[in-house]
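Peer 1:
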Amino acid sequence: MLWGMPAKKPTSSKPAHDVLRIRGAREHNLKNVSIDLPKNQLVVITGLSGSGKSSLAFDTIYAEGQRRYAESLSAYARQFMEMRDKPDVDEIQGLSPTVAIDQRAGANNPRSTVGTVTEVYDLLRLLFSRIGIQQCPFCQLPVKRYTPGEIVEELRALARKESDLYVLAPLFDGVVMKPRELLQRLERTGCEAVRANGVLMPLKQFAKVANASTRYVIELVVMHITDVKRQDISGAVDSALEFGNGTLLLVDTNEGDEKSYSTKARCIQCNRTFDQVEPRSFSFNSPYGACPRCTGLGITLEVDADLVIPNPRLTLAEGAIQPWTRITGSNDKYHKLLEAVARDCGFSVDVAVQDLPKPVMDIVFYGTDGKTHLIEGKPVVFEGVVPNLTQRHAETDSDYVRKEIEQYMREQVCPICTGKRLKQEALFVKVWEQSIADIVQFSIDECVLFFTQKGKGSGLSRGNEAIAQPIIKEMLVRLCDLAQVGLGYVQLDRSVASLSGGEAQRVRLSTQLSTGLIGVIYVLDEPSIGLHPADNQKLIDTLKELRDLGNTVIVVEHDAAMMNAADYLVDVGPGAGKHGGNIIGQGTLAQFKKLHTSTAQYLTGADEISAPKKYRKGSGNTVVVQGATGFNLKNIDAAFPLGTLICVTGVSGSGKSTLVIDILGRALARHFYRAKDEPGAHKSIKGLSFIDKVIAIDQSPIGRTPRSNPATYTGVFTLIRDTFTEVQEARARGYDAGKFSFNVKGGGRCEACAGEGYVRIPMQFLSDVFVECEACEGKRYNQEALEIHYRGKTIADVLEMTVEEARQFFSDTPAIVEKLRLLEEVGLGYVSLGQPATTLSGGEAQ
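Read in the numbering used here, the sequence shown has 833 at position 827, and its numbers run on one by one without any break.
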């Protein structure tokens with residue numbers, strides 16, 4: 007075969023469009039895998055953790071699908087996309103467009119909610135802007151907005167009663183101006199009469215009495231209605247609205263009545279006007295709708311008095327107010343001020359803070375209400391610690407000062423919008439007696455019920471019903487899709503950042519249902535995680551619905567119910583890491599159960615995890631949470647026996663995380679470590695004396711840069727570097743631990759790649775190319791560091807070792823072996839010590 011000629015393509019009995027053919031996949035630990043996967047079916051890829059499932063599904067199939075799609079676009083469009091590297095695979099045939107729905111945090115932005123990412127909130131904003139009834143936030147009465155046509159018709163109806171009517175346009179409200187300048191501006195309008203401070207008069211008469219010392223309220227007389235049939239009422243209204251900036255006055259001189267009309271929304275009681283309601287009026291991501299206090303976040307950072315004085319045993323003179331000491335470096339200025347305040351208010355700065363009465367501490371925290379105090383003969387106002395820090399946080403240009411002050415601040419619900427994120431004007435627009443903030447606080451199931459009932463008997467006018475029906479129909483489609491994937495308990499205003507990996511994945515899955523696409527390959531990463539078995543069937547039915555539309559659904563999964571529902575199963579293994587990467591079984595469910603793989607044995611029940619014969623009795627002590635009412639908890643008490651393994655279970659959304667993480671976890675962290683996070687609502691926690699520390703472990707990433715890895719995170723790399731510094735040659739050269747760090751500039755890292763092992767070459771119209779560093783050949787270190795060997799291995803060789811290999815290599819170093827043993831015992835023996843933390847799955851990070 008000539009160089010450059012394509013290899014002969016493999017043949018198959020099935021048409022190419024029915025099969026996804028993969029040949030020679032070697033991504034990560036895959037060992038030259040070749041496999042045919044049926045299309046338009048539900049395919050489950052299973053196997054041990056680290057066996058290569060995600061490498062096949064995401065890093066090969068999905069990555070190549072995305073790369074080919076990007077290459078189909080113009081060079082101009084590609085420069086705005088995040089291009090993926092070409093996976094290490096010989097050939098993939100039958101590949102359709104791919105969509106990945108994984109567990110990686112999709113949005114850490116606190117502004118993203120379930121409603122915004124599913125676009126339900128966008129539809130709500132449209133609904134409220136079109137049919138919402140606007141109320142005055144101060145009077146809580148409906149506001150009235152007139153169209154020019156409505157004003158004309160009302161004026162004509164009143165004129166037929168033979169009243170003496172004048173159409174006025176408000177021009178100046180309390181203006182003081184030189185008479186000549188004022189008259190010139192009035193003459194330019196073309197009107198011949200005015201009402202000045204309530205008196206109607208011709209403009210010529212006003213010219214004679216006008217003076218520069220009087221404050222005038224002036225309205226132009228646009229028309230005196232005498233013959234409604236012959237006069238141009240419509241033109242007068244248009245002119246008056248133009249002069250009056252959307253407002254005109256109708257004055258009946260016979261009856262002495264006066265009525266105001268405005269094309270803006272106006273309260274009939276307090277006469278306040280409001281801007282026209284638009285979709286952006288309900289957006290907390292827009293300055294038009296966001297609460298000005300919290301800028302649409304619903305929470306604000308407020309200085310907490312408890313954090314300001316961490317050690318109440320100190321006196322004010324000894325620097326009990328910690329931020330004034332830390333941020334300024336010297337508290338001499340504030341010490342003199344406090345001494346002056348103490349002298350004037352009758353307390354001592356040499357008394358421990360814990361012994362000072364509350365009124366005194368209120369003065370220290372919140373000031374003396376504008377009272378001045380003499381310092382070196384100069385009057386100074388003491389504003390208080392809390393206002394002082396709040397102002398400095400808002401005004402400082404220094405990131406250092408801002409972060410320092412934030413150590414003494416806690417997140418609090420915004421006092422203006424009470425956590426609803428919107429301006430008061432938006433919160434007083436109602437549809438069916440509900441504001442938009444009320445509706446987004448409903449759960450998905452409650453929203454479905456609410457809009458289903460209102461859609462049947464809307465109670466709206468015919469025009470508003472015609473507007474509302476298509477919007478409600480579209481909303482119900484999206485809401486029902488969310489409920490279908492088991493998220494009926496989630497509220498629309500729930501922050502996406504607070505969702506678990508499984509919940510966030512199912513939110514994205516529901517949006518795919520709404521699109522109705524066909525011919526797509528969907529790749530999912532364990533969507534059943536965090537889902538109670540009672541809701542599992544809903545998820546399976548959803549995936550089958552995607553399949554039945556004409557899509558291929560590939561799921562990386564361990565759940566038995568999902569595997570039993572699959573059309574085709576693939577088992578990757580047999581082990582993890584270098585021991586995996588092979589296809590050890592595949593076929594339909596019936597064919598799969600005949601295999602002798604570990605997965606098949608568990609699936610058929612031939613192997614199982616047996617329950618222990620005896621359970622631990624524990625220490626006999628108990629921690630009790632009393633009166634828990636956070637979120638949906640209904641004033642419950644819960645006892646946790648210490649010294650045991652405790653499992654808290656229940657259907658999704660029942661309150662498990664609220665009880666364990668938000669209440670118990672945060673309360674313990676606050677008790678032991680003075681953590682800033684406020685625990686969920688509860689009365690008390692008993693038994694704290696039986697505990698001495700608390701550790702929280704979740705699925706958040708252990709590092710956000712490729713420089714972080716299992717070795718650095720667990721601390722074993724510090725021990726390994728210390729071991730290399732003890733090598734005789736390293737001691738002779740005077741190398742310290744920094745010489746073996748790839749993060750220390752000027753140490754032993756390769757400066758050509760800054761210790762990353764590769765160099766990124768930006769390609770304007772193609773994906774960035776990552777080239778192995780020529781200076782260090784991908785080893786991260788310079789030649790000086792690589793000349794030091796420990797048992798024949800360099801520091802770069804050690805980073806390439808798996809946990810299992812490294813444990814054997816350092817078998818005579820107990821401190822290193824102990825840390826590596828723990829990693830191996832939790833099933834991470836296959837992970838390389840230097841594997842970037844960003845490539846770890848949520849479970850591996852946990």
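Ideal Cβ placement from N, Cα and C applies to all residues, glycine included.
Leaving aside the five residues before and after Pro421 along the sequence, list all residues of the same chain whose C-beta is less than 8 Å from its C-beta, in chain order.
Peer 2: Excluding sequence neighbours, Pro421 sits near Arg299 and Thr306.
Peer 1: Of the residues Leu552, Phe646 and Glu532, which one's Cα is nearest the Cα of Glu563?
Peer 2: Looking at the Cα atoms, Glu532 is the closest of the given residues.
Peer 1: So Leu303 and Arg117 are supposed to be a Cβ contact under 8 Å. How far apart are they, rounded?
Peer 2: About 7 Å; that satisfies the 8 Å criterion.
Peer 1: Nearest to Lys462 by CA position, among Pro476, Val243 and Ser449, is which residue?
Peer 2: Checked all of Pro476, Val243 and Ser449; the closest Cα to Lys462 is Pro476.
Peer 1: If contacts are defined as beta-carbon pairs under 8 Å, then Ser516 and Thr124 qualify, I think. What distance do you get, rounded to the angstrom?
Peer 2: Right, their Cβ atoms sit about 7 Å apart.
Peer 1: So the alpha helix (DSSP H) Ile442 belongs to, where does it begin and stop?
Peer 2: From DSSP, the alpha helix (DSSP H) with Ile442 extends over Ile442 to Val446.
Peer 1: With a threshold of 7 Å on Cβ separation, who are the neighbours of Ala791 within its own chain once the five nearest residues in sequence on each side are excluded?
Peer 2: So the qualifying residues of the chain are Lys745, Phe746, Gly754 and Ile801.
Peer 1: Using only the alpha-carbon positions, how far apart do Val223 and Val205 sit?
Peer 2: The alpha-carbon atoms of Val223 and Val205 are separated by roughly 10 Å.
Peer 1: Nearest CA to the CA of Glu390: which residue from Ala400, Cys142, Leu549 and Met367?
Peer 2: Here the sequence assigns Gly to residue 390, which means Glu is not the residue at that position. For the residues Ala400, Cys142, Leu549 and Met367, the minimum Cα distance to Gly390 belongs to Met367.
Peer 1: Can you give, in chain order, each stretch of the beta strand (DSSP E) that sits fully within the stretch 89-154 and has at least 3 residues?
Peer 2: Runs of the beta strand (DSSP E) inside the stretch 89-154: 95-99 and 104-107.
Peer 1: If you draw a straight line from the alpha carbon of Gly587 to that of Asn38, how long is it in whole angstroms?
Peer 2: Each residue's alpha carbon lies about 8 Å from the other.
Peer 1: Where Glu830 and Glu806 are concerned, what is the direct C-alpha to C-alpha distance, given to the nearest angstrom?
Peer 2: Roughly 16 Å separates the two Cα atoms.
Peer 1: Taking the straight line between their C-alpha atoms, what separation do you get for Gln497 and Leu530?
Peer 2: Gln497 and Leu530: Cα-Cα distance of roughly 24 Å.
Peer 1: Using a Cβ-Cβ cutoff of less than 7 Å, which residues in the same chain neighbour Ile669 once the five nearest sequence positions on both sides are dropped?
Peer 2: Contacts found: Val631, Ala634, Gly636, Pro685, Gly686 and His688.
Peer 1: Check whether the Cβ atoms of Gly671 and Val629 sit closer than 8 Å, and answer yes or no.
Peer 2: Not in contact: Gly671 and Val629 (Cβ atoms no closer than 8 Å).
Peer 1: Please state the DSSP three-state secondary structure of Val391.
Peer 2: Helix at Val391.
Peer 1: Do the CB positions of Leu322 and Val359 come within less than 8 Å of each other?
Peer 2: For Leu322 and Val359, yes; Cβs fall inside 8 Å.
Peer 1: Could you check how far apart the C-beta atoms of Asp108 and Phe64 are, in whole angstroms? I think they sit under 8 Å.
Peer 2: Right, the Cβ-Cβ distance comes to about 7 Å (below 8 Å), so this counts as a contact.
Peer 1: Which whole runs of the beta strand (DSSP E) in the stretch 313-397 are 3 residues long or more, in chain order?
Peer 2: Complete beta strand (DSSP E) runs here, min 3: 378-381 and 384-387.
Peer 1: Buried or exposed: Ala218, going by 16 or more other Cβ atoms within 10 Å of its Cβ?
Peer 2: Ala218 is exposed by the Cβ-count criterion.
Peer 1: According to DSSP, which residues form a beta bridge with His538?
Peer 2: Looking at the DSSP assignment, His538 forms no beta bridge with any residue, so it has no partner.
Peer 1: Going by DSSP in three states, Met569 sits in which element: helix, strand or coil?
Peer 2: The answer is helix: DSSP assigns Met569 an H, G or I state.
Peer 1: Give me the Cα-Cα distance between Ala106 and Tyr528, rounded to the nearest whole angstrom.
Peer 2: Roughly 6 Å between the two C-alpha positions.
Peer 1: Between the C-alpha atoms of Lys59 and Gln597, what's the straight-line distance to the nearest angstrom?
Peer 2: Those two C-alpha atoms are separated by around 20 Å.
Peer 1: To the nearest angstrom, how far is the alpha carbon of Gly335 from that of Gln328?
Peer 2: Unreliable placement is indicated for Gly335, whose pLDDT of 49 sits below 50; the coordinate value is still reported in the next sentence. So the alpha carbons of these two residues sit roughly 10 Å apart.
Peer 1: Using three-state DSSP, classify Ile224 as helix, strand or coil.
Peer 2: Reduced to three states, the DSSP call for Ile224 is strand.
Peer 1: So if DSSP puts Val578 in a beta bridge, which residue, or which two residues, is it bridged to?
Peer 2: Per DSSP, Gly53 and Ile589.
Peer 1: Along the beta strand (DSSP E) that carries Leu171, what are the first and last residues, could you check?
Peer 2: Leu171 to Val181 is the span of the beta strand (DSSP E), which, as asked, contains Leu171.
Peer 1: With distances taken between CB atoms, is the gap from Ala843 to Ser714 smaller than 8 Å?
Peer 2: Their beta carbons are under 8 Å apart, which means Ala843 touches Ser714 by this criterion.
Peer 1: If Lys45 sits next to Thr558, beta carbons under 8 Å apart, how far is it from one beta carbon to the other, in whole angstroms?
Peer 2: Between Thr558 and Lys45 the Cβ distance is about 5 Å, and since that is below 8 Å, they are a contact.
Peer 1: In angstroms, rounded to a whole number, what distance separates the CA positions of Glu324 and Asp356?
Peer 2: When rounded, the distance between both Cα atoms is 8 Å.
Peer 1: If you run the structure through DSSP and keep just helix, strand and coil, what is Ile411?
Peer 2: Helix, per DSSP.
Peer 1: Going along the chain, which residues of its own chain have a beta-carbon closer than 6 Å to the beta-carbon of Thr458, five neighbours each way excluded?
Peer 2: For Thr458, where only same-chain residues beyond five positions count, there are no Cβ hits under 6 Å.
Peer 1: Between Ile691 and the rest of its own chain, which residues show a CB-CB distance below 6 Å, the 5 nearest in sequence each way excluded?
Peer 2: Excluding residues within five positions, the ones whose Cβ falls inside 6 Å are Val631 and Ala673.
Peer 1: Note down, in chain order, each residue of its chain lying with its Cβ closer than 7 Å to the Cβ of Phe678, except the 5 sequence neighbours on either side.
Peer 2: Answer for Phe678: Lys699 and Val700, listed in chain order.
Peer 1: Output yes if chain C places a C-beta closer than 8 Å to the C-beta of Lys692; else output no.
Peer 2: Any reference to chain C falls outside this structure, which holds one protein chain only.
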